[in-house]
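Reading through the structure tokens given below for one structure.
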Amino acid sequence: MTVSEREAAAARTPMTRELLYRAATELFVERGYEDTTMADIAERAGTARRTAFNHFPNKGDIPMMWARLMADRAVEAFAAHAEDRTVERIYAYFQHITRLVGSRPELSRQMLLGWVAAGGPIRYESQFLADLTPVLEAGQLRGEIDASVDIATAARALGDTYTGVIFRWVTERWSSPHLQVVTDEAIGLLLSGIRAHA
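Adding 31 to a residue's 1-based position in the sequence shown gives its number in the numbering used here.
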């Protein structure tokens, strides 16, 4: 392979991965996560099965990518609310995720089912810990979060609570507005416990 051929292949790689990801999202909505195979995804994307497996060694990698993309977009909420108090920043973060999830409910349900089937909750430390820890630490330094609160425990509790709300949403099929209300209530309960009280 010449240098120019390698460069062309390298340029196609992200486009091919995106094409496969888009094909998977369409099929998960149409057929469901469980009833979609990697061969189906490759066919829809117009690629060889081997190409699909090169980008996603197993089907469970697709919901993992979805979860990572959701987390990356949610962190944007922190930047947009950088001047707000800690509690408002955390609400904004979870509200942003909830809007993303609720904007494509069937895709979100299928991706969450795939994430669980792939062992996501067991195999990976929650992204919530990495996202929330710096915000909570800064809030504690400013006196907005109680000094006795263990930040890692608080971040995990917030993430675990939100994950529980989302799992209930998947099984009970609430409307997106109801999901937002339940999210705000659940996160609010935890925040009231870690907030500094005068």
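Glycine included, every Cβ here is placed at the ideal spot set by N, Cα and C. Keep in mind it's a predicted model, so treat the numbers as computed, not measured.
Nearest-angstrom Cα separation, counted from residue j out to residue i
i             : j             : result
aspartate 215 : alanine 102   : 18 Å
threonine 164 : tyrosine 122  : 14 Å
glutamate 49  : arginine 187  : 31 Å
glycine 91    : alanine 70    : 14 Å
glycine 151   : arginine 99   : 11 Å
asparagine 85 : alanine 148   : 21 Å
leucine 160   : alanine 183   : 7 Å
alanine 39    : histidine 228 : Only weak support is given to the placement of alanine 39: the predicted model assigns it a pLDDT of 43, under 50, and the value that follows is read from those uncertain coordinates. Answer to the nearest angstrom: the Cα atoms are 59 Å apart.
Residue from the options whose Cα sits closest to the Cα of residue i
i             : options                           : result
glutamate 175 : Gly151, Ala113, Gly91 and Thr117  : Thr117
glutamate 65  : Gln141, Asp181, Ala178 and Leu220 : Gln141
serine 207    : Ser157, Ala169, Thr129 and His228 : Thr129
aspartate 162 : Gly224, Val132, Arg104 and Arg226 : Arg104
alanine 108   : Val166, Leu143 and Ile93          : Val166
Status (buried if at least 16 other CB within 10 Å, exposed otherwise) for residue i
i            : result
alanine 76   : buried
proline 45   : exposed
serine 139   : buried
tyrosine 124 : buried
valine 212   : exposed
Where residue i falls: helix, strand or coil (DSSP)
i            : result
serine 35    : Below a pLDDT of 50, predicted positions are generally treated as unreliable, and serine 35, at 48, falls in that range; the measurement from the model is reported next regardless. Serine 35: helix per DSSP, three-state reduction.
arginine 226 : strand
Start-end ranges of the alpha helix (DSSP H) lying completely within the segment 104 to 140, minimum 4 residues
Within the segment 104 to 140, the runs of alpha helix (DSSP H) that reach at least 4 residues and sit entirely inside it are, in chain order, 117 to 134.
What residue ranges within the segment 70 to 106 form continuous beta strand (DSSP E) runs of no fewer than 3 residues, ordered along the chain?
With a minimum length of 3 residues, no continuous beta strand (DSSP E) run stays inside the segment 70 to 106.
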